[in-house]
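Protein chains: 2
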Amino acid sequence: MAERTLLLRNVRPDGGETVDVLIRDGRIARIAPGLPADTAEQSIDGENAILLPGLIEAHTHLDKNLLGMGWRPHQAGPSLKDKIETERRLRREWDIDPHRQSMRQALLSLGHGSTAIRSHVDMDTDCGMEGFEGVSQTRTALAGLIDIQIVAFPQSGLLVRPGTFQLMDEALRQGADVVGGLDPCSMDRDPKGHLEAVFSLAERHGKPVDIHLHEPGELGAFSIELILEHTRVHGMQGQVTISHAFCLGMPDRDRALSLIDDLAEARVHIATVATPFRPVPLADDLRAAGVTLCAGSDGIRDCWGPYGNADMLERAMHLGLRNNFRRDEDIEYALWCCTHGGAQVMGLNDYGLTEGCRADLVLVEAETPAHAVVNHPPRKLILKAGRVVAKEGRALLAAP
Amino acid sequence: MAERTLLLRNVRPDGGETVDVLIRDGRIARIAPGLPADTAEQSIDGENAILLPGLIEAHTHLDKNLLGMGWRPHQAGPSLKDKIETERRLRREWDIDPHRQSMRQALLSLGHGSTAIRSHVDMDTDCGMEGFEGVSQTRTALAGLIDIQIVAFPQSGLLVRPGTFQLMDEALRQGADVVGGLDPCSMDRDPKGHLEAVFSLAERHGKPVDIHLHEPGELGAFSIELILEHTRVHGMQGQVTISHAFCLGMPDRDRALSLIDDLAEARVHIATVATPFRPVPLADDLRAAGVTLCAGSDGIRDCWGPYGNADMLERAMHLGLRNNFRRDEDIEYALWCCTHGGAQVMGLNDYGLTEGCRADLVLVEAETPAHAVVNHPPRKLILKAGRVVAKEGRALLAAP
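Protein chains in written order, with this note's numbering: chain X, 654 to 1053; chain D, 654 to 1053.
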């Protein structure tokens, strides 16, 4: 088969000077102004829109949203356990089909310009492998349109629900990409046991780790210390992510900054939602220490809460607002977290806007990248591996 | 002139049952299902959209935005005074014309369904009455489309800039609606003098008061105590609003709750932006005590910061996110703050969705009011006093 070529004319990479981008076989082959139109089989005029690399949804839950299922008033009480238990009940009552729902959310994401998603997927002794199978099916159905990483996630606890470890093990054997974990102290009541289970799975399958950590203050700090120890002992520097890590927003700044230095040294990453109602890790602290920060929508319109739209450019705005970012360079850093930061955490190769990179690209009409973040207009065009997959804010493939 | 009548068919007031709404001479004349089509000269099919009363933008700065002026990277440093001084400089350098800019913002607001705006307008010894005159001109130009209240606002200080009091006095004589104030301690360094000046203007002109209070913790609490004393002494219960009141989010909950009780007793209102990066008054605390809470966009795309889009339905979402509201009744309360709460604070008469009320109406396609808040889709239709003024998210009148 001949090489597929596409010339993307008149685009501004990261808001810079207008250039043309030649894409060959799904990769950026050349970036230069005024490339001859006959260079490629096909040509698209970008009309001076900003060119960004594909947005990265680095923390979400594809298996559990209620998109397209009609408005369902929130039922759960305020505690984490209320939410987990209510969700486990409603998953049955409401027939929340993981394949159908993950298709809907992934295509919504794609319409907003996300070209890769890391999704935690519940596994427990009630639903078994259903979530994993449904999202795996979606991953296959959307191959070539959007990359999906599956985290084997013990949402209802790992040790407290005997059998969960085996389910995670099986999911990892069948192609889950990442080992999940959850609140080693407060959920499993056995932080040592929890982390030994998580890291032993990681070692057995040669997979990275991504642990949800909601534990506040000193409890969360203790769990981070333990995660750091396990990271070092298992030689997993650069392979571990802590999601949320609310405790890093603790009032004791010296304690938090010391933990952040240790995270940097062990190359442990942080994923954030930029939650506005509780302490969160401050982006400036992480940036100064050199800890990679990525971002995600977390749950979208689900039994945990009704907000969210899967737009990672809007998430960059939330990150900017939460961190009081006003200057362009700071807002651009928020955008970096939703692009390059996410790509680093997900271990995506050949990501970016340089020659040789995969042509996962977003065109957005804005004056500057900061303007794109604060305004987050519907994306003009999305390419995945050089192929047009979404236009004017919508994926070309219809959701079920 | 004959009565102007309009039949708004198939709409769901506050998300309830589908009804028809007959509008006569700018007011809601009748609400009932299946009103005969020949009741009115004109008829519009609402296609089962939700009908809300006009959104209320209860705290913004119409005179100082940079809409339509091209992206201008943020320049000011982090302190309040940096922002004030940078803005005073850039107002000249960038030719921020208060009339043109307030037209742009007011029409943007209208497109999102705001039918009334309370705008603080700077007056100081540099710009004199320019801001007031520009926004007054806009108020006249948009009469019948959107109601604009002008707060005579001493942004650069009142006592520290001799001559400001006289400017405010003159603006109030010429039709400013509200007496503004700003950080009685930290800005003017003379809280007693500042508040005496503010309340004496209020008494002289028979106008309500709206004071910006950024002062944190105990300093802000002290200023609130003084504002309460002045409110009582001047018999201005129900006529005073404190904007921001960040100090009410102070860590000492007992202290904050005691102040909130005092605010309720003196019927002092609070206006919030739901700022995510610093403590704010909690909506639940205010609601429980019976303090009226309204909301606003604050500055939009200005020298203070680049965010904001003047969408008060999206602001209700920010308010919900900031307060961790997940249940429908809580999210509906956030919406109440952006509708009825704002109307109470602005003292708007005949506001609401009952017969006899002014037909300031918003049609939005959503399943429930909470859904409208989390999704905030472009508004389908906006009526001001029974007249169509905006459609599909855009005001019919073009901005300059």
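Where a beta carbon is used, it is the ideal one built from N, C-alpha and C, also for glycine.
Distance, Cα to Cα, residue i vs residue j?
i: aspartate 915 of chain X; j: phenylalanine 785 of chain D; result: 54 Å
i: glutamine 890 of chain D; j: methionine 999 of chain D; result: 14 Å
i: asparagine 962 of chain D; j: glycine 859 of chain X; result: 46 Å
i: threonine 817 of chain D; j: histidine 897 of chain D; result: 23 Å
i: methionine 610 of chain X; j: phenylalanine 806 of chain X; result: Since the first and last residues shown for chain X are 654 and 1053, residue 610 of chain X lies out of range.
i: serine 839 of chain X; j: histidine 1029 of chain D; result: 36 Å
i: cysteine 780 of chain X; j: leucine 715 of chain X; result: 15 Å
i: arginine 906 of chain X; j: serine 732 of chain X; result: 26 Å
i: alanine 655 of chain X; j: glycine 828 of chain X; result: Confidence at alanine 655 of chain X is low in this model, with a pLDDT of 49, below 50, so its placement is unreliable and no value can be given for it.
i: glycine 870 of chain D; j: threonine 925 of chain D; result: 16 Å
i: lysine 1033 of chain X; j: valine 1017 of chain X; result: 5 Å
i: tyrosine 986 of chain X; j: isoleucine 895 of chain X; result: 19 Å
i: valine 893 of chain D; j: methionine 903 of chain D; result: 21 Å
i: alanine 796 of chain D; j: alanine 996 of chain D; result: 18 Å
i: histidine 887 of chain X; j: histidine 752 of chain X; result: 34 Å
i: proline 706 of chain D; j: glutamate 967 of chain D; result: 15 Å
i: proline 689 of chain D; j: histidine 773 of chain X; result: 54 Å
i: glutamate 738 of chain D; j: isoleucine 953 of chain X; result: 41 Å
i: threonine 1007 of chain X; j: leucine 1036 of chain X; result: 15 Å
i: tryptophan 989 of chain D; j: tyrosine 1004 of chain D; result: 12 Å
i: arginine 857 of chain D; j: histidine 867 of chain X; result: 55 Å
i: leucine 798 of chain D; j: serine 809 of chain X; result: 54 Å
Along chain X, which residues have their Cβ under 7 Å away from the Cβ of residue i?
i: asparagine 976 of chain D; result: Phe930
Using a C-beta to C-beta distance shorter than 8 Å, which residues of chain D count as neighbours of residue i?
i: proline 726 of chain X; result: Arg980, Asp981, Thr1021 and Ala1023
i: glycine 949 of chain X; result: Near glycine 949 of chain X there are no residues of chain D at all, since even the closest Cβ is about 15 Å away, more than 8 Å.
Please list the partners that residue i has in chain D, where partner means a Cβ-to-Cβ separation under 7 Å.
i: valine 1027 of chain X; result: Pro959 and Tyr960
Please tell me whether residue i and residue j are closer than 9 Å, where the distance is taken between their beta carbons.
i: leucine 825 of chain D; j: leucine 1050 of chain D; result: no
i: isoleucine 803 of chain X; j: aspartate 843 of chain X; result: no
i: leucine 912 of chain X; j: alanine 874 of chain X; result: yes
i: tryptophan 747 of chain X; j: leucine 719 of chain X; result: yes
i: isoleucine 681 of chain X; j: glycine 1009 of chain X; result: yes
i: arginine 677 of chain D; j: glycine 1039 of chain D; result: yes
i: leucine 974 of chain X; j: phenylalanine 930 of chain D; result: yes
i: threonine 658 of chain D; j: valine 664 of chain D; result: no
i: leucine 660 of chain D; j: isoleucine 697 of chain D; result: yes
i: alanine 1019 of chain D; j: alanine 702 of chain D; result: yes
i: methionine 776 of chain X; j: glutamine 754 of chain X; result: no
Measuring alpha carbon to alpha carbon, tell me which of the options ends up nearest residue i.
i: valine 832 of chain D; options: D/Thr1007, D/Leu1006, D/Gln819 and D/Phe852; result: D/Phe852
i: glycine 1054 of chain D; options: D/Glu967, D/Arg940 and D/Pro837; result: It is not possible to answer for residue 1054 of chain D, since the shown part of chain D is limited to 654 through 1053.
i: valine 1067 of chain X; options: X/Asp800, X/Asp1003, X/Trp989 and X/Pro837; result: Only positions 654 to 1053 of chain X appear in the structure, and residue 1067 of chain X is not among them; the question remains open.
i: threonine 1021 of chain X; options: X/Thr658, X/Gly668 and X/Gly679; result: X/Gly668
i: lysine 845 of chain X; options: X/Met776, X/Cys900, X/Glu823 and X/Leu881; result: X/Leu881
i: histidine 971 of chain X; options: X/Trp957, X/Gln790 and X/Asp951; result: X/Asp951
i: alanine 769 of chain X; options: X/Asp863, X/Ala855, X/Leu1014 and X/Gly679; result: X/Leu1014
i: arginine 745 of chain X; options: X/Thr713, X/Glu783 and X/His773; result: X/Glu783
i: valine 788 of chain X; options: X/Met756, X/Ile799 and X/Ser767; result: X/Met756
i: glutamate 918 of chain X; options: X/Gly1005, X/Glu878, X/Lys1037 and X/Gly949; result: X/Glu878
i: cysteine 991 of chain X; options: X/Ala948, X/Arg1011 and X/Val933; result: X/Ala948
i: alanine 855 of chain X; options: X/Glu694, X/Glu823 and X/Ser876; result: X/Glu823
i: glutamate 700 of chain D; options: D/Val674, D/Thr713, D/Glu694 and D/Glu710; result: D/Val674
i: tryptophan 724 of chain X; options: X/Ala693, X/Ala1023 and X/Cys956; result: X/Cys956
Check: Which of the residues in the segment 658-691 of chain D, read from start to end, lie with their CB under 9 Å from any CB of chain X?
Finding: Those would be none; no residue qualifies.
Item checked: Where the segment 952-975 of chain D meets chain X: residues whose CB sits under 9 Å from a CB there -> Residues Arg954, Trp957, Gly958, Pro959, Tyr960, Gly961, Asn962, Met970, His971, Gly973, Leu974 and Arg975.
Interfacial residues, the segment 707-723 of chain X to chain D, with Cβ spacing under 7 Å: Result list: Gly723.
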